[in-house]
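Here the structure comes first, spelled out in structure tokens, and everything after it is commentary.
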Amino acid sequence: MCATGHTRRSGHALLCGPDHGHYGAHLGAKESGMSTARPDPSASHLRWLLLLVAMITITFVVTRCCGPASQPILDPQGQPAAPPTDAGHTLQAATTPAVPTETIERSLAAAPPPATKAVEPEFAELIEQLTLLGEATTSLVQSDEIEAAREKDTEARQCFEALMTRFADAGERALDLATSLGISTAPHDAAKRFVLQLTLAMECSRRHVAAEAAKDYSRLDPLVHAILAVLPQNAELLALGVTVLDKRPYLRLCHEPDVLGLVDQAGREQFDRPSATRLLLTLWDNLQRTGERSSTELASMAMLLLGDADPSKRTAACRQLLADARYRQVMLAWLRERADVAVAIEVANLAAQELPANEALGVLRELGPTLKNMPSAYMSLAFRAPEAIGDAYRELLAANTHAAMRTDLIAGLAMADANHAIPAVELAQGSDPAPEVRAQAMLTLTATATLTHGEQACQRALDDPAIGGDPGRLALVFLALQNLEAAGLTNAVDRLGQRMRAAPLREDTRLQLEQLLARALPGGQTSDQQSRERSGPGAGTGK
């Protein structure tokens, strides 16, 4: 340790301090037998420069090679022991001048600061970053800045990949963070909850892939248990969890007690019944697909649950039997016998969404006596099989049977592409003997082909005595007029408004009509009213 507080060790004893440099040089000269005569100034200056460069070079090389200095060795008296040296080392140390303290301090000040490892963001920080990126992307899309939106989307994908790569427990972390959000529906929290849902879904997916490959579900099953456990806490967690699990392969036999517990809670009105039904149906699908339960075993369970007081269990049982052609008619007969309207509606919608089109139509026809009208089921079926709906309508029209079902079929075509819908719907309005079917055809045309067929369909309906003279069916014409208003067809609204004012409307329909005309027309006046006002009482008299 020198007077300035610096210690330099490199395997040699280096002198330091303002006076030691000259002393060391002089001593070295005496020991080597050299003259102690004072050299000339220029030679001394050059020697000092060369020695300084050599000193710095040696110190750098030795420091790089030897690393940090070791701790000093103490002699038995507790004093630092001198390191062993040979003659060459003693000579070199004695003849090497120390670097001036000022030079060391200037070198340290000029050296760049040591590099520090960047602190990686925590899980919650990455979720927040993804949420902000998602909000920015949405804003850019709404502003039609598509290229900038693509760049943000790419950045978000990279950030999401980094999050999933870094955190092996991303699922548990996402579920914990979603739980901490509580029931907040603020836009930013809703966006964050969506990011957490994506994270949880991705984590379940990658764990399922790994589990299938290794036949080891020890990482997937506990996460699914945790998701099921938080579902009853609030509606936000319920929506998140059901979205992740519904119709996915993650529910297994070990989760059956959890799912049945939720079904029991639904029976006591402590849990959402449709959600409980969806989870139970997903579980049964998975059990049958993986062979954990045979179709016969599941059918037997379903038969037992048909008589359960809990409608969630009855719905799940009916759906299981619906999917198995061996038991379908048994289930339908059971529904007709008990006239369980709530379960019948759910079964009708399940059939429309899941069964082949012709089989679904057969089920809907069987449920006709129990459900007089079920347009939503036919809409679901028409969305995926419009040709089947059109063919079914023409078949029933030819036989002139099942007028209620014909009405629902035409209503369902409102969800079909106009090219598929228009031929059957125009046939219905022009040829169907049932006024209710013709009125429904008018409504469907104003919904699917508003610009090209809407006004004409309404005019035909007003010309139809069974519709234009019936106050109840005229209310349907008013609904069609609302479709034209929404499409911005002001002139059509004007012409039809004049005719409807002269029709035998119910009082509530007439009030609604005047409100519509006040919104759609300038001053709420039809063109004939404006014409009469312009003419005035003295128009054409020369006054």
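Numbering (the numbering used here) for the sequence shown: 1017 to 1559. Beta carbons: idealized from backbone N, C-alpha and C, even for Gly. What you are looking at is a predicted structure, and each value in this text was computed from that prediction instead of being measured.
Check	Outcome
Option in Leu1348, Ala1140, Met1218 and Trp1300 with minimal Cα separation from Leu1193	Ala1140
Whole-angstrom distance between Arg1166 and Asp1205, CA atom to CA atom	23 Å
Beta-carbon proximity of Leu1387 to Ala1364, cut-off 8 Å	yes
Integer Cβ distance of Leu1459 from Leu1492, believed to fall under 8 Å	6 Å
Cβ distance (whole Å) where Val1453 is taken to contact Thr1423 below 8 Å	5 Å
Straight-line Cα distance separating Ala1408 from Ala1482	25 Å
CB of Ala1450 within 8 Å of CB of Leu1461, strictly	no
Contact test: Gln1345 Cβ vs the ligand COA heavy atom, cutoff 7 Å	Absence of the ligand COA from the depicted structure is noted, as is the absence of any ligand whatsoever, leaving it without description.
Contact check, Leu1149 vs Lys1168, beta carbons under 8 Å	yes
Buried versus exposed call for Ala1444 [16 or more other C-beta atoms within 10 Å across all chains shown]	buried
Reduced DSSP category for Asp1486 - H, G, I as helix; E, B as strand; rest coil	coil
Contact under 8 Å by Cβ, Ala1430 with Met1390	no
Beta-carbon proximity check, Leu1527 vs Met1516, cutoff 8 Å	no
Touching by the beta-carbon criterion (3+ pairs, under 8 Å), the region 1337-1357 and the region 1318-1325	yes
Extent of the continuous alpha helix (DSSP H) to which Phe1210 belongs	Pro1203 to Ala1230
Counted within 10 angstroms of its Cβ, other Cβ atoms place Thr1542 as buried (16 or more) or exposed	buried
Top-ranked residue by Cα proximity to Ala1172, from Ala1190, Thr1181, Arg1182 and Thr1153	Thr1153
Beta-carbon spacing of Val1275, Leu1267 below 8 Å	yes
Cβ distance (whole Å) where Leu1179 is taken to contact Leu1142 below 8 Å	5 Å
Host alpha helix (DSSP H) of Lys1329 (start-end)	Pro1327 to Ala1339
Three-state class that DSSP yields for Arg1454 in the structure shown	helix
Check whether Leu1253 and Leu1247 have beta carbons under 8 Å apart	yes
C-alpha gap between Arg1223 and Glu1442, whole angstroms	53 Å
As assigned by DSSP and simplified to three states, the class of Leu1425	helix
Pair within 8 Å by beta-carbon distance, Thr1298 and Thr1331	no
CB contact flag (Leu1314, Gln1304, <8 Å)	yes
Buried versus exposed call for Gln1286 [16 or more other C-beta atoms within 10 Å across all chains shown]	exposed
Own chain partners of Gly1406 with C-beta closer than 6 Å, once the 5 adjacent residues on each side are dropped	Ala1440
Spatial distance of Thr1466 from Gln1456 (CA atoms)	14 Å
Same chain only: Cβ atoms within 8 Å of Thr1506, ignoring 5 sequence neighbours per side	Ala1536 and Leu1537
8 Å contact criterion, which Met1421 and Leu1412 should meet: CB distance rounded	6 Å
Any alpha helix (DSSP H) of 4 or more consecutive residues that is wholly inside the region 1147-1201	1162-1182 and 1186-1196
Residues of its chain near Arg1548, where Cβ-Cβ distance is below 8 Å and the 5 sequence neighbours each way are ignored	none
Through-space distance from Leu1533 to Gly1283, alpha-carbon basis	48 Å
With 16 other Cβ atoms within 10 Å as the buried cut-off, status of Asn1302	buried
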